[in-house]
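K.L.:
Following this message is one structure expressed as structure tokens.
There are 2 protein chains.
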Amino acid sequence: MNAAVTGVGTSFFGKQPDLHPNELVWRAVAEALAEADDPTIDAIYLGTVFGSPGVAQRALHHMGLTGIPIITVENACASGTTAFHEAAKMVELGRFENVLAVGVEKMTDNFAGAIHPESTDPEGRSGLALPSLYALAATRYQALYGLTDEDLARVSVKNHGHAVHNDRAQHRTPHTVDEVLASRMIADPLTLLQCCPIADGAAAAVLSAPKGSADEIVVRSSVLKSGGLWDYRSEHVWGFELVSATARAAYEAAGIGPTDVDVVECHDAFTIGEIVTTEALGLAHEGEGALLLRTGHTTVGGPQPVNPSGGLLSRGHPLGATGLAQVAEIVWQLRGDAGVRQVDDARIGLVETMGGGVAGIDGNACVVALLERT
Amino acid sequence: MNAAVTGVGTSFFGKQPDLHPNELVWRAVAEALAEADDPTIDAIYLGTVFGSPGVAQRALHHMGLTGIPIITVENACASGTTAFHEAAKMVELGRFENVLAVGVEKMTDNFAGAIHPESTDPEGRSGLALPSLYALAATRYQALYGLTDEDLARVSVKNHGHAVHNDRAQHRTPHTVDEVLASRMIADPLTLLQCCPIADGAAAAVLSAPKGSADEIVVRSSVLKSGGLWDYRSEHVWGFELVSATARAAYEAAGIGPTDVDVVECHDAFTIGEIVTTEALGLAHEGEGALLLRTGHTTVGGPQPVNPSGGLLSRGHPLGATGLAQVAEIVWQLRGDAGVRQVDDARIGLVETMGGGVAGIDGNACVVALLERT
Chain Z
7 MNAAVTGVGT SFFGKQPDLH PNELVWRAVA EALAEADDPT IDAIYLGTVF GSPGVAQRAL
67 HHMGLTGIPI ITVENACASG TTAFHEAAKM VELGRFENVL AVGVEKMTDN FAGAIHPEST
127 DPEGRSGLAL PSLYALAATR YQALYGLTDE DLARVSVKNH GHAVHNDRAQ HRTPHTVDEV
187 LASRMIADPL TLLQCCPIAD GAAAAVLSAP KGSADEIVVR SSVLKSGGLW DYRSEHVWGF
247 ELVSATARAA YEAAGIGPTD VDVVECHDAF TIGEIVTTEA LGLAHEGEGA LLLRTGHTTV
307 GGPQPVNPSG GLLSRGHPLG ATGLAQVAEI VWQLRGDAGV RQVDDARIGL VETMGGGVAG
367 IDGNACVVAL LERT
Chain D
7 MNAAVTGVGT SFFGKQPDLH PNELVWRAVA EALAEADDPT IDAIYLGTVF GSPGVAQRAL
67 HHMGLTGIPI ITVENACASG TTAFHEAAKM VELGRFENVL AVGVEKMTDN FAGAIHPEST
127 DPEGRSGLAL PSLYALAATR YQALYGLTDE DLARVSVKNH GHAVHNDRAQ HRTPHTVDEV
187 LASRMIADPL TLLQCCPIAD GAAAAVLSAP KGSADEIVVR SSVLKSGGLW DYRSEHVWGF
247 ELVSATARAA YEAAGIGPTD VDVVECHDAF TIGEIVTTEA LGLAHEGEGA LLLRTGHTTV
307 GGPQPVNPSG GLLSRGHPLG ATGLAQVAEI VWQLRGDAGV RQVDDARIGL VETMGGGVAG
367 IDGNACVVAL LERT
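Right, here's the structure in full:
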């Protein structure tokens, strides 16, 4: 598609209760604008889940970003990638020339809207918050495919190992399989170190038309879908169908396949999530995602590193910011700017975020984007 | 622009604590889809301010609306019109064929994110909630232009008089100027009957390409802007510049002017809002908006009725739903389906919503759309 990423930026991710959301946004946006070929912004899409009304305008007018269309978008954990997707589409369609996509979440003091027992939502009333939902997916997957608790733990071990080299990540301590399994149980079989931490953070990207020059980072394709109907009778584990349908459409639009991908940032909010997602992205056959971990296929140094940033599990998961932090990591990797965690010769990168879920459907939303260094 | 409204629908507006947001959405969307030429929906934009994450997917999957792109948008009081604006733009740009715009807000039990003293936002910390902000605008306007308290009250009298004939409106009792002024003081000079009531509601519209046939309702133009910098040193009353800049752009894109407009639905969250807005829309000179009320110019039966539905003041203001309820009223008026409150020979209608504000800027966002019966 006819869109290039000309600048990215992020704040530090982690518990930062003393920072106002504005300050998180400023750090991310200032870095992205400083990199951009043309910092004249024509429109802004900002992703947030629990941000207060006007969180975008509140932060951005201090940077002189006023008057232009500003739209806040929400798609659960995929809010940041939804902002990115809309921004890229608007450039492609010629609606705007330079579009800023931003994501922000201040979770340490603004998590009021979260699923809770007094909610009108069935998930809240039943106690089926996200950790429980992923735990049910994990036990179903284990029953179907013989996945072990150790296999699940290996996702956490890999991603914590990657985050050691990411100085913007929340958790930078390496962990062993035994440590992961010995951490506090949250929702069986998911222990604490298999659940992404609550974080504050912001991330941003500037999208513009490609110039046709060498070493540009272009968006080969970007697809957004919402989940189809899903319940216990469905053939696949929860989330698989939505991610695989979105990925298939993204590969088709880009004219490439899973083996062409050099580096992936995907939605590992819980360890089982990365296993199901890497299968849905076509990196492994269904039921065989654990092999990617056992063989080192998805570790930095292996053929297709997944979550070299540390992923949501280690970088932290400020909901609306996550998708754009994934984009930033892929852009750094494709530029060769990722330092110690650099994936060799990375030319094509994939970003995937799944937001959700709501009882009865296979995820609220999923975005898969394919980026390439020309 | 190349977009037509082929169906609209709304729930009843008012305090409906026993209804789930889903039920509000179903009523609005079912009505809109039943009217639409083609109920095959390719994408959905849903506007809400305080709706919980997934409020769109939660409601819509029960109607079979899954799989397609669904994006929740927020722009304060302009969230519903932002959904409408994006939907119309996507049809115009050829990105999607049939797009559903929905707005919903359940305010009787889900107002948690509102401005409050514990907030990190300066408005919350200073007590400058929306009634206070509009009251400051009112006193400044009174000081500048000699507007009387009776002039302010006349907005409420007119709009309550209109709502008597709208069986979906929250408040249908007519009121006199004396009654409006005698109602409880909220933020001087704004009394209770000059402030829009908290409501639950949903509204929807289906956008598709025009067929070129007679009696279609087409979108002549739609413009979305965010506010520029504003403080006490600014030349105009708060909100004027944003609405007038947005309106000027909408008129220019449609190739018409204020005198071509037959009927208006505008943002009268507080009485002063309608006075400033009608001036910003070019229906009166700056400082002379009260004349429109004294002469009956904007009353149904007059030359340019404003808020024939009863407006936010009487229909109620479920934030995310309001913009699409305004669109629905204009569509009914242009079709000649508005019953006792029908504006004679209405051919061109204007919708305006302003969302905000955030300290330091002239409104978070404003949408002005011009609709026409071909």
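Residue numbers (the numbering used here), protein chains in the order written: chain Z, 7 to 380; chain D, 7 to 380. Where a beta carbon is used, it is the ideal one built from N, C-alpha and C, also for glycine.
#1: Evaluate contact between the stretch 178-193 of chain D and the stretch 127-147 of chain D, counting only Cβ atoms and requiring at least three cross-stretch pairs below 8 Å.
#2: Counting only C-beta atoms, is Q63(Z) closer than 8 Å to chain D at any point?
#3: In whole angstroms, give me the CA-to-CA distance for V270(D) and V183(D).
#4: Beta-carbon of K95(Z) versus every beta-carbon of chain D: anything under 8 Å?
#5: With 8 Å set as the bound, which would you pick, yes or no: does the beta-carbon of C372(Z) sit closer than that to a beta-carbon of chain D?
#6: With respect to the beta strand (DSSP E) encompassing S17(D), which residues constitute its N-terminal and C-terminal limits?
#7: Between L289(D) and P264(D), how many whole angstroms is the CB-CB distance? I'm expecting something under 8 Å.
#8: Does any residue of chain Z bring its CB to less than 8 Å from the CB of D237(D)?
#9: Look at V35(D) and L106(D) and say whether their C-beta atoms are less than 8 Å apart.
#10: Report yes or no: do three or more beta-carbon pairs, one from the stretch 222-233 of chain D and one from the stretch 366-377 of chain D, lie closer than 8 Å?
#11: Any beta carbon from chain D within less than 8 Å of A9(Z)'s own beta carbon?
#12: Closer than 7 Å: is that where the CB of D157(Z) sits relative to any heavy atom of the ligand COA?
#13: Return the bridge partner residues of Y51(D) from the DSSP annotation.
#14: Any C-beta of chain Z sitting closer than 8 Å to the C-beta of S58(D)?
#15: Any beta-carbon of chain D closer than 8 Å to the one on R101(Z)?
#16: Taking 8 Å as the cut-off, decide whether the C-beta atoms of D206(Z) and M69(Z) are in contact.
#17: Pick from V224(Z), E247(Z) and T328(Z): whose alpha carbon is nearest that of L377(Z)?
#18: I'd like to know whether the C-beta of G366(Z) is nearer than 8 Å to at least one C-beta of chain D.
#19: Would you identify the three-state DSSP class for M69(D), choosing helix, strand or coil?
#20: When you compare the CB of H67(Z) with every CB in chain D, is at least one pair closer than 8 Å?
#21: Within its chain, find whatever has a CB closer than 7 Å to the CB of T305(D); leave out the 5 residues flanking it on each side and keep chain order.
#22: Could one say the Cβ of D127(D) lies closer than 8 Å to chain Z's Cβ atoms, at least one of them?
#23: Do the stretch 67-87 of chain Z and the stretch 351-362 of chain Z meet, that is, are 3 or more Cβ pairs less than 8 Å apart?
#24: Quick one: which unbroken beta strand (DSSP E) runs of 3-plus residues sit fully inside the stretch 242-267 of chain Z? Chain order, please.
#25: Excluding the five sequence neighbours on either side, which residues of its own chain have a C-beta within less than 7 Å of the C-beta of P27(Z), listed in chain order?
#26: Measuring straight from C-alpha to C-alpha, what distance separates E129(D) and I262(Z)?
#27: May I have the straight-line CA-CA distance separating R33(D) from G13(D), to the nearest angstrom?
#28: Quick one: grab the DSSP three-state call for V364(Z).
#29: Near R301(Z), what residues of its chain come up, given a Cβ to Cβ distance below 8 Å and the 5 sequence neighbours on each side ignored?
#30: I want to verify the contact list: residues of chain D whose CB lies under 7 Å from the CB of A82(Z), in sequence order.
#31: The beta strand (DSSP E) spanning L139(Z) covers which residue range?
#32: From the beta carbon of V105(Z), is the nearest beta carbon of chain D less than 8 Å away?
#33: Checking the sheet assignment: what are the DSSP bridge partners for F102(Z)?
#34: The beta strand (DSSP E) that contains D155(D), what's its start and end?
#35: What residues match up with F90(Z) in a beta bridge as DSSP calls it?
#36: Starting from S132(D), trace the alpha helix (DSSP H) both ways and give me its first and last residue.
P.N.:
In terms of the structure at hand:
#1: yes
#2: Along the first sequence, one-based indexing puts residue 63(Z) at 57. Cβ-Cβ to chain D under 8 Å: yes for Q63(Z).
#3: For the purposes of this step, residue 270(D) is identified with residue 264 of the second sequence, where counting begins at 1. For the purposes of this step, residue 183(D) is identified with residue 177 of the second sequence, where counting begins at 1. Their backbone Cα atoms lie some 22 Å apart in a straight line.
#4: Translated into positions along the first sequence, residue 95(Z) becomes position 89. Yes - at least one Cβ of chain D is within 8 Å of the one on K95(Z).
#5: Within the first sequence, residue 372(Z) is the residue found at index 366, counting from 1. No, because no Cβ of chain D sits closer than 8 Å to the Cβ of C372(Z).
#6: Here residue 17(D) refers to the residue found at position 11 when the second sequence is read from its first residue. Counting along the chain, S17(D) falls outside any beta strand (DSSP E), and DSSP gives it neither H nor E.
#7: Position 283 of the second sequence, counting from 1, holds the residue named residue 289(D). Position 258 of the second sequence, counting from 1, holds the residue named residue 264(D). Yes, L289(D) and P264(D) are in contact; Cβ-Cβ is about 6 Å, under 8 Å.
#8: Indexing the second sequence from 1 puts residue 237(D) at position 231. It does not; no Cβ of chain Z falls within 8 Å.
#9: Counting from one through the second sequence, the residue named residue 35(D) turns up at place 29. Counting from one through the second sequence, the residue named residue 106(D) turns up at place 100. Yes, the pair counts as a contact, with Cβ atoms nearer than the cut-off.
#10: yes
#11: The residue given as residue 9(Z) occupies position 3 in the first sequence. For A9(Z), the answer is no, since every Cβ of chain D falls outside 8 Å of its Cβ.
#12: With respect to the ligand COA, the structure shown offers nothing to examine, as it has no ligands at all.
#13: Indexing the second sequence from 1 puts residue 51(D) at position 45. Per DSSP, I77(D) and A107(D).
#14: Sequence index remark: in the second sequence, residue 58(D) carries index 52 (1-based). Chain Z, which has a Cβ nearer than 8 Å to the Cβ of S58(D), makes this yes.
#15: As a working mapping, residue 101(Z) is identified with position 95 in the first sequence. Closer than 8 Å: yes.
#16: Here the question's residue 206(Z) lines up with position 200 in the first sequence. Here the question's residue 69(Z) lines up with position 63 in the first sequence. Not in contact: D206(Z) and M69(Z) (Cβ atoms no closer than 8 Å).
#17: As a first step, residue 377(Z) must be located in the first sequence, where it is residue number 371. Cα-wise, what sits closest to L377(Z) is V224(Z).
#18: Your numbering for residue 366(Z) matches position 360 in the first sequence. Output row for G366(Z): interface = yes.
#19: Counted from its first residue, the second sequence places residue 69(D) at position 63. In this structure, M69(D) counts as helix in the three-state DSSP scheme.
#20: Along the first sequence, one-based indexing puts residue 67(Z) at 61. Judged by the 8 Å Cβ criterion, H67(Z) is in contact with chain D.
#21: Taking the second sequence and counting its residues from 1, the one referred to as residue 305(D) is at position 299. Correct list, in chain order: K164 and P311.
#22: For the purposes of this step, residue 127(D) is taken as the residue at position 121 of the second sequence. Yes - at least one Cβ of chain Z is within 8 Å of the one on D127(D).
#23: The stretch 67-87 of chain Z is in contact with the stretch 351-362 of chain Z.
#24: none
#25: On the first sequence, residue 27(Z) is found 21 positions in, with the first residue counted as 1. Once the five neighbours on either side are set aside, the close Cβ partners of P27(Z) are G57, V61, A65, V110 and K112.
#26: Residue mapping note: residue 129(D) aligns to position 123 of the second sequence, counting from 1. Residue mapping note: residue 262(Z) aligns to position 256 of the first sequence, counting from 1. Cα-Cα distance, rounded: 50 Å.
#27: Counting from 1 along the second sequence, the entry for residue 33(D) is found at position 27. Counting from 1 along the second sequence, the entry for residue 13(D) is found at position 7. About 13 Å.
#28: As a first step, residue 364(Z) is located in the first sequence; it is residue number 358 there, counting from the start. Note: V364(Z) maps to coil in three-state DSSP.
#29: In the first sequence, residue 301(Z) corresponds to position 295, counting from 1. Before going on, a small fix: residue 301(Z) reads as Thr here, not Arg. Taking T301(Z) as the centre and dropping the five residues before and after it, the same chain places the C-beta of G308 closer than 8 Å to its C-beta, in chain order.
#30: Translated into positions along the first sequence, residue 82(Z) becomes position 76. Going along chain D in sequence order, the residues near A82(Z) (Cβ under 7 Å) are P59 and G60.
#31: In the first sequence, counting from the first residue as 1, residue 139(Z) sits at position 133. Not the beta strand (DSSP E): L139(Z) falls in the alpha helix (DSSP H), residues L136 to Y151.
#32: Mapped onto the first sequence, residue 105(Z) falls at position 99. False, the Cβ-Cβ gap to chain D never drops below 8 Å.
#33: By 1-based counting over the first sequence, the position of residue 102(Z) is 96. In the DSSP output, where bridge partners are listed per residue, F102(Z) has none listed.
#34: Along the second sequence, one-based indexing puts residue 155(D) at 149. For D155(D), no beta strand (DSSP E) run applies; the uninterrupted alpha helix (DSSP H) run containing it begins and ends at D155 to A169, by DSSP.
#35: Taking the first sequence and counting its residues from 1, one reaches residue 90(Z) at position 84. BP columns for F90(Z) are empty, so no partner.
#36: Indexing the second sequence from 1 puts residue 132(D) at position 126. P128 to S132 is the extent of the alpha helix (DSSP H) around S132(D).
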